[in-house]
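In the numbering used here, the protein residues as written are 170 to 308.
Quick notes on the structure that follows.
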């Protein structure tokens, strides 16, 4: 009869320790150090569950996650590719070959970008933009 009470006590201690260390700080240590951003609803929900079951540890979890910044989504990332490396993707008529462009971007950035996605927003450049990059209009 003592074994189930020890198991229940061990589980209770483990859950309290998990809540005291804060969910976002525990699961996303790479997010620590952020000052602001968009709140991750998964981390907020986990902290809210902590408030639901254990009020004080849940509030401590929220406090730690906000203080460390682990409750926020990571910041946006940007990448740049040398325009000269993109030149093989443009044919003589000025049309962009999406397959070649996708292959170049995948090798340069290390990520596969869905260029055939219908939600993709395309913008046309101007002659001034080409001149600022040191390129000559081919069309």
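All residues carry an ideal CB built from backbone N, CA and C; glycine is no exception.
It should be emphasised that the depicted structure is a prediction, and the values quoted were computed from it without experimental measurement.
Inter-residue spacing [alpha-carbon to alpha-carbon] between residue 222 and residue 184: 10 angstroms
Per DSSP, residue 265 is paired with what? 259
Taking the Cβ atom as the reference point for each residue, do residue 216 and residue 231 lie within a distance shorter than 9 angstroms? yes
Please name the residue or residues paired with residue 241 in a DSSP beta bridge. 208
Please report how far the alpha carbon of residue 264 lies from the alpha carbon of residue 258, in whole angstroms. Their backbone Cα atoms lie some 8 angstroms apart in a straight line.
Alpha carbon to alpha carbon, what distance is there between residue 193 and residue 173? 31 angstroms
In or out: residue 261 buried (at least 16 other Cβ within 10 Å) or exposed? exposed
Nearest residue (CA-CA) to residue 286, options 293, 295, 271 and 239: 271
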